[in-house]
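J.:
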Amino acid sequence: MNVMVPVKRVVDYNVRVRIKAAAVDLANIKMSMNPFDEIAVEEAVRLKEKGKADEVVVVSVGPRDCIETLRTALAMGADRGILVACDGAIEPLAVAKLLKAVCDTEKPGLVLAGKQAIDDDCGQTGPMLAALNGWAQATRARSLEIDGTSARIERETDRGTESLTLRLPAVVTTDLRLNEPRYISLPNKMKARQKPIAETTAAELGVDITPRLTVLDVAEPAPRAAGIKVKSVGELFDRLHAAGAL
Amino acid sequence: MTSLVVAEHDNRILADATARTITAARALGQPVEVLVAGHGCQAVADAAAGLDGVDTVLLCDDPLYAHPLAEPFAALILSLAERWDAVLAPATSHGKAVLPRVAALLDVPQISEITKVLAPDTFERPVYAGSVMATVKAPAGKLAITVRPTAFAAAGAAPAPAPILSLPAGPDPGLSAFAGETLSQAAGPELTSSKVVVAGGRGLGTADNFQLLAHIAGRLNAAVGASRAAVDAGFAANDCQIGQTGKVVAPELYIALGISGALQHLCGIKDAKTIVAINKDDEAPIFQVADLGLVADLFQVLPEIDAELARRGYN
Ligand SMILES: Cc1cc2nc3c(=O)[nH]c(=O)nc-3n(C[C@H](O)[C@H](O)[C@H](O)COP(=O)(O)OP(=O)(O)OC[C@H]3O[C@@H](n4cnc5c(N)ncnc54)[C@H](O)[C@@H]3O)c2cc1C
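Protein sequence lines, in the order shown, are assigned to chains A and W.
Using the numbering used here, the first residue of the first sequence is number 1, and each one after it goes up by one.
Using the numbering used here, the first residue of the second sequence is number 1, and each one after it goes up by one.
What follows is the structure, encoded as structure tokens:
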């Protein structure tokens with residue numbers, strides 16, 4: 001079974017973006033692999049190490065800079081990369097369609113994706129891909145076991161955790177507790193340079209990626225005003241009472 | 001045509017998130033139908049029918065919906081697509097899993113986690129962990145929307161209950177099966193709708209301290225929340241996590257203990273009315289958003305808070 005992992009290049013989670021000239025200012029900003037995708041790559045590589053997967057293929061949709069993101073995934077242990085090169089804004093539905101087209105030729109037994117990207121916070125691509133493929137899905141996985149033609153997933157829900165059995169192929173999206181991604185060693189970084197990255201385009205895949213939504217405005221929310229410091233627990237509760245907050 | 005609201009429930013109780021999603025749906029200006037799919041969930045349908053602004057409740061009571069599996073729920077919503085112009089689900093673990101499937105198969109973009117309806121086709125939503133608010137306009141055609149419940153008031157009681165229409169089950173995709181669940185043991189009010197939230201972070205240091213925090217929360221009839229670091233450390237259950245990738249809360253009072261105030265956490269609490277922070281580092285970013293701050297060591301202060309509340313009669 002092959003495992004496919006879509007990886008997105010996003011603004012690093014430590015960076016707070018600002019608005020400049022009515023747009024999100026991305027100039028000279030540190031970019032990284034979406035942290036949930038890193039967890040997905042880690043899980044896929046572990047499946048391979050356990051003999052549950054034969055090959056790990058990573059796919060990135062976006063500008064040529066995404067090759068760097070693919071190389072990171074290859075250094076973590078993925079076998080080969082595919083870049084779907086395109087410029088400009090691309091919506092989750094278009095990404096899901098592109099990934100569907102890649103699935104049609106790659107025929108993975110499992111797609112492991114992040115539960116959300118930390119830039120647009122949409123959380124749509126995984127379930128959309130599952131639907132377009134007519135496959136089962138489990139979002140927010142905290143554990144994953146592959147057993148022949150099915151997968152057993154434990155997922156984090158608003159009420160606790162839930163176990164699901166999925167028929168494969170399926171799409172599973174990762175949550176924070178699934179694993180802790182490994183550090184990349186220098187030798188593995190070197191090895192990753194030799195691994196193949198194929199390139200294709202939306203046109204080659206026959207997918208129209210024109211955005212459907214119009215972004216009318218982006219703005220920074222008004223900051224919360226800072227308050228005051230109190231000296232003791234007693235004063236804290238006195239003030240909360242006086243303000244009617246308790 | 002109508003706006004269809006996907007009800008969130010556990011077959012017994014209609015979640016507060018549904019009443020809030022109904023308010024968002026009303027703002028689209030179309031009649032509102034609420035879909036209650038479940039098993040043995042008549043009480044949920046009755047509760048939905050009693051909410052103001054609901055025109056019809058669609059009840060689909062079948063073993064297929066006993067558990068919130070994404071595939072059959074999406075298939076059911078799709079089978080009803082001729083009825084609706086817009087489908088709205090609360091941005092819960094279930095709503096977030098189901099709605100993208102519906103949107104993809106209808107070939108429409110989804111608008112995730114809206115915080116405002118500015119016009120029937122124009123919405124506000126946070127991006128970049130709430131560092132930016134985006135205003136997005138949807139194209140003509142059907143709308144698929146998830147709603148951030150805390151951003152909308154809950155619909156109140158209706159003067160007269162709406163009619164309940166029973167529907168046959170939709171198709172069974174047969175792709176996945178429920179294999180059990182572990183419900184979180186958290187006592188007290190539900191986190192996202194509680195008036196008071198007491199949340200702990202890595203600074204609590206031990207699971208025992210987190211127990212003491214839960215005890216203090218009990219005194220205040222508060223829900224227990226946590227930062228990611230506290231969940232990762234095993235102090236708190238995953239469903240306590242507040243923030244960009246956890247739950248969003250907007251209580252009257254939020255008390256943060258040993259939480260530094262990372263961007264990913266703050267975006268989950270920014271709409272709290274009053275924020276209290278206790279942290280031993282007077283430069284912790286949480287103090288920049290706190291209304292009341294106390295610089296102190298929790299190992300010392302937690303028992304003090306407990307005693308102070310006891311003294312003030314909070315049992
Ligand atoms: C993809 C991604 C998603 C994330 N999603 C979320 C999310 O949804 N929610 C979330 O919360 N985080 C999230 N995070 C993590 C976030 O970036 C922070 O790491 C996390 O919020 C820190 O938790 P903390 O404040 O408990 O821990 P720390 O940042 O370690 O802060 C601990 C605080 O406790 C104080 N302290 C220590 N000891 C004491 C003491 N004895 N007395 C008093 N104070 C003390 C310290 O001064 C410090 O300020 C996410 C990160 C990533 C990468």
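In this text, a Cβ means the ideal position worked out from N, Cα and C, and glycines have one as well.
Would you check if there are 3 or more beta carbon pairs closer than 8 Å linking the segment 178-194 of chain A to the segment 110-117 of chain W?
T.: The segment 178-194 of chain A, when compared against the segment 110-117 of chain W, does not touch it at the 8 Å Cβ threshold.
J.: Should W/Gln264 be listed as close to ligand 1, given that the test is whether its C-beta is under 6 Å from any heavy atom?
T.: Result yes, Cβ under 6 Å from ligand 1.
J.: Going along chain W in order, which residues have a C-beta closer than 9 Å to the C-beta of A/Ile118?
T.: Correct list: Tyr128, Ala129, Gln244, Thr245 and Gln264.
J.: Which residue or residues does DSSP assign as beta-bridge partners of A/Ala150?
T.: Note that residue 150 of chain A is Ser in the sequence shown, not Ala. In the DSSP output, where bridge partners are listed per residue, A/Ser150 has A/Asp147 and A/Arg167.
J.: Would a C-beta distance cut-off of 7 Å place A/Met4 and A/Val45 closer than the cut-off?
T.: Cβ distance not < 7 Å, so A/Met4 and A/Val45 don't count as in contact.
J.: Check whether chain A comes within 7 Å of W/Asn238, counting only Cβ atoms and requiring the distance to be less than that.
T.: Yes, contact with chain A.
J.: Give a yes or no on contact between the segment 88-107 of chain A and the segment 82-92 of chain W, applying the rule of three or more CB pairs nearer than 8 Å.
T.: Result no; under three Cβ-Cβ pairs closer than 8 Å.
J.: For W/Arg228, verify whether its CB is less than 6 Å away from any heavy atom of ligand 1.
T.: Yes, ligand 1 has a heavy atom inside 6 Å of this Cβ.
J.: Comparing the CB of A/Lys229 with every heavy atom of ligand 1, is any distance shorter than 6 Å?
T.: Result no, Cβ not under 6 Å from ligand 1.
J.: How long is the line joining the alpha carbons of W/Ala169 and W/Gly50, rounded to whole angstroms?
T.: If I take the Cα positions, the gap works out to 23 Å.
J.: Please compile the residues from chain A whose C-beta is within a distance smaller than 9 Å of the C-beta of W/Phe178.
T.: Within chain A, the residues near W/Phe178 are Glu162, Ser163, Leu164 and Thr165.
J.: So the beta strand (DSSP E) W/Ala37 belongs to, where does it begin and stop?
T.: Val32 to Gly38 is the extent of the beta strand (DSSP E) around W/Ala37.
J.: Would you please verify whether the beta carbon of A/Arg182 is less than 7 Å from any beta carbon of chain W?
T.: So no, A/Arg182 is outside the interface.
J.: Taking W/Leu266 as the reference, which of W/Gln211, W/Ala74 and W/Arg228 has the closest Cα?
T.: Minimum Cα distance to W/Leu266 is reached at W/Arg228.
J.: Is W/Ala284 near ligand 1, in the sense that its beta carbon is under 6 Å from a heavy atom of that ligand?
T.: Correct: W/Ala284 has its Cβ closer than 6 Å to ligand 1.
J.: At 8 Å on the CB atoms, spell out the chain W contacts of A/Glu156, in chain order.
T.: Near A/Glu156 (Cβ distances below 8 Å), the residues of chain W are Ser93, Asn238 and Asp239.
J.: Within the same chain, show all residues whose beta-carbon is closer than 8 Å to that of W/Lys142, passing over the 5 residues directly before and after it, in chain order.
T.: If we look at W/Lys142 and ignore the five residues flanking it on each side, its Cβ neighbours are Ala81, Trp84, Asp85, Ala86, Val87, Leu106 and Val108.
J.: Label W/Gln185 either buried or exposed according to how many other C-beta atoms from any shown protein chain fall within 10 Å of its C-beta, with 16 as the threshold for buried.
T.: Its Cβ having fewer than 16 others within 10 Å, W/Gln185 is exposed.
J.: For A/Ala243, count neighbouring C-beta atoms within 10 Å of its own C-beta (all shown protein chains included) and say buried if the count is 16 or more, exposed if not.
T.: By the neighbour-count rule (16 or more Cβ atoms within 10 Å), A/Ala243 is not buried but exposed.
J.: What residue does the alpha helix (DSSP H) around A/Asn133 start on, and which one ends it?
T.: Looking at the DSSP string, the run of the alpha helix (DSSP H) that includes A/Asn133 is Thr125 to Asn133.
J.: Just the Cα atoms here: how many angstroms apart are W/Cys41 and W/Val224?
T.: Cα to Cα, W/Cys41 sits roughly 28 Å from W/Val224.
J.: From the DSSP output, which residues share a beta bridge with W/Thr146?
T.: The partner list for W/Thr146 (beta bridge, DSSP) reads W/Ala89.
J.: Considering W/Ser79, what are the terminal residues of the beta strand (DSSP E) in which it resides?
T.: Element bounds for W/Ser79: not the beta strand (DSSP E) but the alpha helix (DSSP H), Ala70 to Ser79.
J.: I'd like to know whether the C-beta of A/Thr214 is nearer than 7 Å to at least one C-beta of chain W.
T.: Judged by the 7 Å Cβ criterion, A/Thr214 is in contact with chain W.
J.: Can you confirm whether W/Glu308, when its beta carbon is compared against all beta carbons of chain A, has any partner nearer than 7 Å?
T.: Judged by the 7 Å Cβ criterion, W/Glu308 is in contact with chain A.
J.: Give me the chain A residues within the contact set of W/Ala81, using Cβ-Cβ distance strictly less than 8 Å, ordered along the chain.
T.: Within 8 Å Cβ-Cβ: nothing; W/Ala81 doesn't reach chain A, min ~13 Å.
J.: Just checking W/Lys280 against ligand 1 - is the residue's beta carbon closer than 6 Å to any of the ligand's heavy atoms?
T.: Answer for W/Lys280: yes, Cβ within range of ligand 1.
J.: Let me see if you follow: with CB-CB separation under 7 Å, is W/Gly188 close to chain A or not?
T.: Not an interface residue.
J.: Three or more C-beta pairs under 8 Å: does that hold for the segment 199-217 of chain A against the segment 273-290 of chain W?
T.: Result no; under three Cβ-Cβ pairs closer than 8 Å.
J.: Determine, using beta carbons only, whether A/Arg224 comes closer than 7 Å to chain W.
T.: Judged by the 7 Å Cβ criterion, A/Arg224 is in contact with chain W.
J.: For chain W, find out if any of its Cβ atoms is closer than 7 Å to the Cβ of A/Val111; answer yes or no.
T.: With 7 Å as the cut-off, A/Val111 does not count as an interface residue toward chain W.
J.: Looking only at C-alpha atoms, which of W/Ala138, W/Ala27 and W/Glu8 sits nearest to W/His94?
T.: The residue with the shortest Cα to Cα distance from W/His94 is W/Glu8.
J.: Looking at C-alpha atoms only, which residue of W/Ala310, W/Arg312 and W/Tyr254 is the closest neighbour of W/Phe287?
T.: Measuring from the Cα of W/Phe287, the nearest candidate turns out to be W/Tyr254.
J.: May I ask you to verify whether the segment 232-250 of chain W touches the segment 205-216 of chain W, counting CB pairs closer than 8 Å and requiring at least 3?
T.: Yes, the segment 232-250 of chain W is in contact with the segment 205-216 of chain W.
J.: Check the Cβ of A/Ile228 against every Cβ in chain W and list those closer than 8 Å, keeping chain order.
T.: Correct list: Asp291, Leu292 and Gly293.
J.: What residue from W/Val6, W/Glu304, W/Thr245 and W/Asn279 has the CA that sits closest to W/Pro126's CA?
T.: The option with the nearest alpha carbon to W/Pro126 is W/Thr245.
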